[in-house]
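Going by the working numbering, the sequence shown opens with residue 846, and the numbers climb by one from there.
For each residue, glycine too, the CB sits at the ideal point set by N, CA and C.
Okay, so here's the structure we're looking at.
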Amino acid sequence: MALHIALGAFKSTPIISSHAESGVMPFSIYCMELDCRLLHRISALPSSHPVSSLYCLSTVLRQPPTWPRVRLPYIIRSIRACHTLSLDLPRPVPVAPLPPVPPSKDLSPYVTPYFPVPFSKSTYAVLVRQLYYSMDSSVYKDFLRIYTDGSHSLPSSFASAAYFEDLSICQTWSFSGQYDVLTAELIAILQALEFIRTFLQPQSVVLYTDSQSALTLLLSDRPVTHVRTVHAIMEHLLFLVTPPWHLRLQWIPSHVSIRGNKIADAAAKRALTSSTLVHVTPDSATFPKLARSACISHWNAHLATTLPASHLGCFRSDASEHPWARHPYGDIDVAITRLRLGQTGLASHLYRLGMIEHPWCCWCPQVEETIEHLMLWCPRFHSLRTLLRERLSSLGVLSLSLHTLLGGGIEDPRLRERVVRCTSDFIQKSRQLSRI
Ligand SMILES: [Zn+2]
């Protein structure tokens, strides 16, 4: 009902078309997303928490003999939602509610997520490289240099690399699953810090990374994503910034041919195809994002089978945004939406609803007033239609069909927008907005 009001659509509009046209996910699928997100939160609870133990126990309850649908336990419902969306269940890994860094300790002097000299994307790579070398030879003159990088290849392979320039060592780690590149960047930093703590003597070390978001995340008081990995890095940082250690994390721009960064990048890319690697298991930080995209995919799969049976199926097969079908003026936007949904105030539709006595056009006796009749055939609007045809011909659109007029079957988004704008002008000049 609210969707119908928001779209300006008739009550008789199929609800599935209203959802697809508005981009608002059906409530049942949205509930599945919420179930998955809350399951992710449960998986991060301490093992002593009663709900957490229930989640662990539920592994034996996933195939219960019978669960009455209305009384399905919450965790079972969430697990089933994950299965429906083809998502791996989040592993129960407790995450500390507070970071290991005490409030009195400020990490910002040790983590620099920016370049000492401001520059823009249009700055020449040669100049950026010179700035880097100048910083490297002054600020980090006597430091041991380490470069880290993360890489990924579709569909789900990830690799992290750390290049220890002064030791001529390059370490790589790989993992696969439902993660993002930020996870790979954080894993590279974490593994490099573990290596430093385990194998090196206390000294001055600078770790260069090209991931600004990773360093920004490390500086946040309460990280909301990648919490477990960030906490582990913070713990190492606390140790390695205390004398006799002297550690700095410094951001450097990528793709400007800085030698160490190039070597780490190449190593991470090579690690994606190698099978003899150290495997690591990151936390499921990207799970909420994955749950969202899985729900959208599930919804689109549902629309692909149901929308073709509706009038809207001529113009869309999924729930993707169609900004070119929108108009800045509300009444014209509503008219275009109703024409796309196939539910209008024209006589044929009102007659089907039993609201009027005949479906005929006001100007054409014994001819049904359908959307096609109004837009393509009614002689009342012949001169306007001729003008419309000329405008479309000048854009290179030669066929005049309802499908084309409302943006269907045109690949170029800019052309599609112009065609819909011509159609809007036709509707506005025909003075039939109030009837549509
Ligand atoms: Zn007519």
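Can you find the residues in the same chain that come closer than 6 Å, C-beta to C-beta, to residue i, ignoring five residues on each side of it along the sequence?
| i | result |
| --- | --- |
| L934 | C927 |
| S1214 | Here residue 1214 is Glu; the residue named in the question, Ser, does not match the sequence. Excluding residues within five positions, the ones whose Cβ falls inside 6 Å are L1191, A1192, S1193, C1206. |
| S1002 | S1021, L1117 |
| V956 | L1060, L1063, L1064, L1094 |
| V962 | L976 |
| R1225 | W1208 |
| Y985 | V1051 |
Could you tell me if residue i is buried or exposed, where buried requires 16 or more neighbouring beta carbons within 10 angstroms of its beta carbon?
| i | result |
| --- | --- |
| T1043 | exposed |
| P1168 | exposed |
| T827 | Outside the modelled stretch of the chain, which goes from 846 to 1281, sits residue 827, for which no answer is possible. |
| A1006 | buried |
| T1028 | buried |
| A1004 | buried |
| Y1024 | buried |
| G1175 | exposed |
| D1055 | buried |
| T1189 | buried |
| S1216 | Reading off the sequence shown, one finds Ile at residue 1216, where the question assumed Ser. Looking at its Cβ environment, which holds 16 or more other Cβ atoms inside 10 Å, I1216 is buried. |
| G1105 | buried |
| R1161 | buried |
| Y978 | exposed |
| S923 | buried |
| T1017 | buried |
Among the candidates the options, whose CA atom is the shortest distance from the CA of residue i?
| i | options | result |
| --- | --- | --- |
| R809 | G1241, Y919, T1268 | The structure shown does not extend to residue 809, since the chain is modelled only from 846 through 1281, so no value can be given for it. |
| C881 | S931, T1028, T1054 | S931 |
| L884 | P895, F872, I920 | I920 |
| R1280 | L1237, S1155, I1181 | I1181 |
| H894 | V938, S1058, L1082 | V938 |
| A1111 | D981, S996, M980, S979 | S996 |
| Y1053 | P1088, I1108, P1068, H1071 | I1108 |
| P1047 | I1034, L1092, M1220 | L1092 |
| V1265 | R1276, Q1277, R1236 | R1236 |
| I1286 | L1184, H1156, F872 | Absent from the model: residue 1286. The displayed extent of the chain is 846 to 1281, so no value can be given. |
| L1247 | R1234, P1258, L1221, L1232 | L1221 |
| V946 | H1081, I1216, T1249 | H1081 |
| D1066 | L1198, P944, V1051 | P944 |
| D951 | D981, L1083, S897 | L1083 |
| Q859 | L899, S1155, T1231 | As written in the sequence, residue 859 is Pro, which differs from the Gln given in the question. Among L899, S1155, T1231, the Cα nearest to that of P859 is on S1155. |
| E1010 | I1201, T1017, I991, P1000 | I991 |
| A970 | Q1016, R925, T1249, H1100 | H1100 |
| L1045 | S1019, I1014, V1069, I1177 | I1014 |
| P1258 | V1179, E1166, T1231 | E1166 |
| V1069 | F1132, G1105, P1098, S1019 | F1132 |
| L828 | S862, L899, V1179, Y978 | This structure does not reach residue 828, given that the chain is present from 846 up to 1281, and the question cannot be answered. |
| S1138 | S1238, W1018, I874, H1227 | I874 |
| L848 | V1179, H1227, P1210, D1270 | V1179 |
| S1019 | P1098, A1113, S923 | A1113 |
| S857 | M1200, W1090, R1115 | M1200 |
| S953 | P1089, M1079, I1177 | M1079 |
| P1000 | V896, I1103, M980, V1026 | V1026 |
| L879 | S983, R925, P1210 | R925 |
On the premise that residue j lies in contact with residue i, defined as a C-beta separation below 8 Å, what is that separation, rounded to the nearest angstrom?
| i | j | result |
| --- | --- | --- |
| L989 | S949 | So it is not a contact: roughly 28 Å between Cβ atoms. |
| G1253 | C1159 | 5 Å |
| H1071 | A941 | Between A941 and H1071 the Cβ distance is about 14 Å, and since that is not below 8 Å, they are no contact. |
| L1085 | I1041 | 7 Å |
| T929 | M846 | Not really, about 27 Å apart at Cβ, beyond 8 Å. |
| A854 | L1186 | 6 Å |
| S1275 | L1229 | 6 Å |
| Q827 | L1233 | The chain is shown from 846 up to 1281; residue 827 falls before or after that span and cannot be answered. |
Once the 5 residues before and after residue i are set aside, which same chain residues still bring their CB inside 8 Å of it?
| i | result |
| --- | --- |
| A1164 | H864, A865, G868, M870, I1141, W1144, N1145, L1148 |
| Y959 | Q1057, W1096 |
| L1260 | L1240, G1241, V1242 |
| I1255 | V1242, T1249, R1261, V1264 |
| I1177 | S1269, I1272, Q1273, L1278 |
Would the beta-carbon of residue i be found less than 7 Å away from any heavy atom of ligand 3?
| i | result |
| --- | --- |
| K986 | No copy of ligand 3 appears in this structure; the ligands present are ligand 1. |
Is there a C-beta anywhere in chain C that falls below 8 Å from the one on residue i?
| i | result |
| --- | --- |
| L1063 | In the displayed structure, chain C is absent; only one protein chain is listed. |
Can you give me the Cβ contacts of residue i inside the same chain, cut-off strictly under 7 Å, excluding the 5 residues immediately before and after it?
| i | result |
| --- | --- |
| S998 | L1117 |
| P1153 | none |
| S1212 | Looking at the sequence itself, residue 1212 is Val, so the reference to Ser does not match. Once the five neighbours on either side are set aside, the close Cβ partners of V1212 are W1205, C1206, H1218. |
| A1293 | No answer is possible for residue 1293: it lies beyond the span of the chain, which begins at 846 and ends at 1281. |
| P1173 | none |
| R886 | none |
| Y1196 | H1203, P1204 |
| Y900 | I887, S888, I920, P937 |
Q. Taking any heavy atom of ligand 1 as the mark, which residues have a C-beta closer than 6 Å to it, listed down the chain?
A. Going by the Cβ distance cut-off, the answer is C1206, W1208, C1209, V1212, H1218, C1223, R1225.
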